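Numbering (the working numbering), first residue to last: 64 to 374. Here a beta-carbon is modelled for each residue, glycine too, at the ideal position from N, C-alpha and C. On a predicted model such as this, the values are computed, not experimentally measured, just so you know.
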Amino acid sequence: MNPLVSHFANGQAFFTGALLVMFALTGLGFSRRQKPSEESGNDATPREPTAGFGQVLAQVCFRYRWLLLIAGLLFVAASSTPFPIWILIPLALSTSFAWRTRDAGQRRNLVLITFLCWTTAIVHELYWQWEPSVDIEAIRGRALVVLADSVTAGLGEGEATTWPVLLQERWPSEIIDLSHVGETVITAADRFRKHSVPKDAAFIIELGGNDLLGSTTVSQFRKDLDDLLYAIRRDDPERAILMFELPLPPFHNAWGDVQRSLALRHGVVLIPKRKLLSVFTADAGTFDSIHLTQDGHNRMATIMAKLLQLR
């Protein structure tokens, strides 16, 4: 996979974009007040910082502030990073007001506020990118049920030993693999309802790719995933659920918001999308950028073994 495509799909482009915007704000914040012309009566406008206070970095940031801002916002938008409304609105308003004000004193205050808003957004995203914590004691010795699509099941041609089979060699209890080619969230829910699974079983979910690439709408995806998680919780509200976050194409923020918001609602451990993407982008990890080779299944098994703290 192209490194640039990978940079956007795993969400790291958000941090690149945020950094570019903050560089643009640095140039804006260090600019000096341009005195208005008495003849024209024009308002004050930013002027390039002088050497001594502005420093070289501030001068460069000021000179290319528009380029940095536009590039940064494009990177952020194309990273498909979902923001809660309490971050998105202050972020948009503070950035807009900081850019539009002409008074140097007000501008610097607004730049500081905007820096704080962007820092909050970065910390929030780091929370989702961080290695998730799994309560091992809650699932130790229990059966694992895998609900997944052809990334896990393969194409049914016996091309590899799948990662649930590999994980079974290290997991002390039964692993019930319900993965299936072409599976969507709603078909996985139907398959789960038709199978009898232990009431105390934990679940691993790797779904959504076929919904994303198919005809499922975002609203339908939200409903289907919500229904599936409710169905899993119905027998045992304390069931442990691990779910792979989807690597997303640009401008598909809403799909990420569905997974994250429902993970919070249902107490699901969301495995960062960079984990799954690391398998897709590995040398010889897939044979068509999506479906796993034996090496890809080995990598997936290693990821799960690490999360489940298996030796």
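C-alpha of Val332 to C-alpha of Ile304: approximately 6 Å in a straight line. If the five residues before and after Glu246 are omitted, its C-beta is found closer than 8 Å to the C-beta atoms of Leu210, Ala211, Asp212, Ser213, Ala216, Arg254, Leu270 and Asn273, all from its own chain and listed in chain order. Bridge pairing for Glu232: absent [DSSP]. Runs of alpha helix (DSSP H) with 4 or more residues, each lying fully within the stretch 123-176, are found at 128-141 and 148-163, listed in chain order.
With a contact defined as Cβ atoms closer than 8 Å, Phe138 and Leu83 qualify at about 6 Å. In the DSSP assignment, Ala265 forms a beta bridge with Leu207. Secondary structure note for Asp240: it is in no alpha helix (DSSP H), and the uninterrupted beta strand (DSSP E) holding it is Ile238 to Asp240. Of the residues assessed, Asp240 falls on the buried side of the cut-off, its CB having 16 or more other CB atoms within 10 angstroms. In the DSSP assignment, Val332 falls within the unbroken beta strand (DSSP E) covering Val332 to Ile334. DSSP places Leu275 within a helical segment (H, G or I) once states are collapsed to three. As the crow flies, the alpha-carbon of Thr280 is around 10 Å from that of Lys286. Between the beta-carbon of Ala121 and that of Thr89 there is about 6 Å, and that keeps the pair under the 8 Å contact cut. A contact is defined here as three or more CB-CB pairs under 8 Å, and the stretch 138-157 meets this definition with respect to the stretch 64-76. For Ala317, the CB contacts under 6 Å within the same chain, skipping 5 residues up- and downstream, are Val281 in chain order. Judged by DSSP secondary structure, Leu370 falls outside any beta strand (DSSP E) and instead within the alpha helix (DSSP H) spanning Gln357 to Leu370.
Contact between the stretch 313-329 and the stretch 347-360 is absent: fewer than 3 CB-CB pairs across the two stretches fall below 8 Å. Approximately 5 Å separates the beta-carbon atoms of Ile199 and Gln372; this is inside 8 Å, confirming the contact. Using a 10 angstroms sphere on the CB of Val174, the tally of other CB atoms reaches 16 or more, which defines it as buried.
The alpha-carbon separation between Pro66 and Ile366 amounts to approximately 21 Å.
Relative to Leu207, the option among Ala265, His360 and Tyr190 whose CA is nearest is Ala265. Assignment of beta strand (DSSP E) within the stretch 288-348, counting only whole runs of 3 or more residues, yields 304-307 and 332-334 in chain order. In the structure shown, His70 falls within a helical segment according to DSSP collapsed to helix, strand and coil.
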